[in-house]
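Under this note's numbering, the first residue of the sequence shown is numbered 66, with each subsequent residue one higher. Below: one structure, written as C-alpha cells.
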Amino acid sequence: MTVLVVGVPEGAELERLRSRIQSNPHFQVISHAQAPAVALAHARVLLPDITVLALPAGPGGDPDVLDVFRGVRALDPPSGVVLRTSAGAVLGALAARAEEGAVHVVREGDTDGLMRALRTIGLRRASCDPDEMP
Numbered sequence: 066m067t068v069l070v071v072g073v074p075e076g077a078e079l080e081r082l083r084s085r086i087q088s089n090p091h092f093q094v095i096s097h098a099q100a101p102a103v104a105l106a107h108a109r110v111l112l113p114d115i116t117v118l119a120l121p122a123g124p125g126g127d128p129d130v131l132d133v134f135r136g137v138r139a140l141d142p143p144s145g146v147v148l149r150t151s152a153g154a155v156l157g158a159l160a161a162r163a164e165e166g167a168v169h170v171v172r173e174g175d176t177d178g179l180m181r182a183l184r185t186i187g188l189r190r191a192s193c194d195p196d197e198m199p
C-alpha cells in the first residue's frame with residue numbers, strides 16, 4: 066500500500082513517522098508534503114492508497130488542510146485517510162469525519178493506533194473488488 070504523508074515538517078518527526086509506517090513491509094511512503102497545495106498535487110499524480118494527514122492545530126485549524134482531506138477523499142479511487150491529531154486535540158468535529166474503515170483519527174504518538182488504522186484501511190482496500198460491485 067502506498068502512503069502520502071501530509072503536514073509533517075522535514076526532520077526527525079517525519080523520519081520517525083516514515084520508519085514506523087515502513088516497519089510493516091506492506092506500506093511504503095511514496096511522498097510527503099508540508100504545504101496543502103503541494104500535497105494535493107502529489108495526491109492527484111500519485112493516487113496514494115492512504116494519506117496520513119497531520120492536523121497540528123486541531124480540528125478547527127487551517128481550512129486548507131481540510132481541503133486536502135476532501136481532495137484525497139474525492140480521488141478515484143479515494144485515498145483512505147489517517148487524521149493525525151495532537152495529543153491534546155478535542156476530537157468532536159473530527160469524530161464526525163471518521164468513516165467505517167476508510168477514515169481514522171489517531172493521536173500523535175499513538176504508533177499502535179497508527180498501525181491499526183493503516184492495516185484496517187489496507188485490508189479494506191485489498192478486499193475491494195470493483196468487478197464485484199453492483
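For every residue, glycine included, the Cβ atom is placed at its ideal position computed from N, Cα and C.
Query raised in the report: If you check the beta carbons only, do Leu188 and Val170 fall under 8 Å apart?
Result: Residue 188 sits at position 123 when you count from the first residue of the sequence shown. Residue 170 sits at position 105 when you count from the first residue of the sequence shown. Contact flag unset, no.
Report task. Give the secondary structure of Val57 by DSSP, where H, G and I count as helix, E and B as strand, and everything else as coil. Result -> One cannot answer for residue 57 here, as it falls past the ends of the chain, which runs 66 to 199.
Query raised in the report: Between Gln93 and Asp175, what straight-line distance do the alpha-carbon atoms span, to the nearest angstrom?
Result: If you number the sequence shown from 1, residue 93 lands on position 28. If you number the sequence shown from 1, residue 175 lands on position 110. Each residue's alpha carbon lies about 19 Å from the other.
Query raised in the report: Among Gly178, Phe134 and Val73, which one has its Cα closest to the Cα of Leu105?
Result: Residue numbering aside, residue 105 sits at position 40 when the sequence shown is read from its first letter. Ranking Gly178, Phe134 and Val73 by Cα distance to Leu105 puts Phe134 first.
Query - Given Leu79 as reference, the closest of His97, Val110, Arg138 and Val168 once Cα atoms are compared - result: Locating residue 79 in the sequence shown gives position 14, where the first residue counts as 1. For the residues His97, Val110, Arg138 and Val168, the minimum Cα distance to Leu79 belongs to His97.
Query - Neighbourhood of Pro113 by C-beta, 7 Å cutoff - its chain only, sequence neighbours within 5 removed - result: In the sequence shown, residue 113 corresponds to position 48, counting from 1. Excluding residues within five positions, the ones whose Cβ falls inside 7 Å are Thr67, Val68, Leu69, Ile95 and Ser144.
Requested in this report: Within the same chain, show all residues whose beta-carbon is closer than 7 Å to that of Ser88, passing over the 5 residues directly before and after it, in chain order.
Outcome: By 1-based counting over the sequence shown, the position of residue 88 is 23. Excluding sequence neighbours, Ser88 sits near nothing in its chain.
**Report entry** Extent of the continuous alpha helix (DSSP H) to which Ser50 belongs
**Finding:** What the structure shows of the chain is the stretch from 66 to 199, and residue 50 is not part of that stretch, so it cannot be assessed.
Query raised in the report: For Met198, does the count of other Cβ atoms within 10 angstroms reach 16, so buried, or fall short, so exposed?
Result: As a position in the sequence shown, residue 198 is number 133, starting the count at 1. Caution applies to Met198, whose pLDDT of 43 falls short of 50 and renders its modelled position unreliable; the value that the coordinates give is listed next. Result: exposed.
Query raised in the report: Rounded to a whole number of angstroms, what is the C-alpha to C-alpha distance between Arg85 and Leu111?
Result: Position 20 of the sequence shown, counted from the start, is the residue given in the question as residue 85. Position 46 of the sequence shown, counted from the start, is the residue given in the question as residue 111. Rounded to the nearest angstrom, the two C-alpha atoms are 21 Å apart.
Query raised in the report: Roughly how many whole angstroms lie between the Cα atoms of Asp129 and Leu118?
Result: The residue given as residue 129 occupies position 64 in the sequence shown. The residue given as residue 118 occupies position 53 in the sequence shown. The alpha-carbon atoms of Asp129 and Leu118 are separated by roughly 12 Å.
Report task. Leaving aside the five residues before and after Gly136 along the sequence, list all residues of the same chain whose C-beta is less than 7 Å from its C-beta, in chain order. Result -> Stepping through the sequence shown from its first residue, residue 136 is reached at position 71. Within the same chain, Leu105 and Ala108 come within 7 Å of Gly136 by CB-CB distance, once the 5 residues on both sides are set aside.
Query raised in the report: Excluding sequence positions up to five away, which residues of its chain have a Cβ less than 6 Å from the Cβ of Ala182?
Result: Sequence index remark: in the sequence shown, residue 182 carries index 117 (1-based). Result list for Ala182: Val147, His169 and Val171, in chain order.
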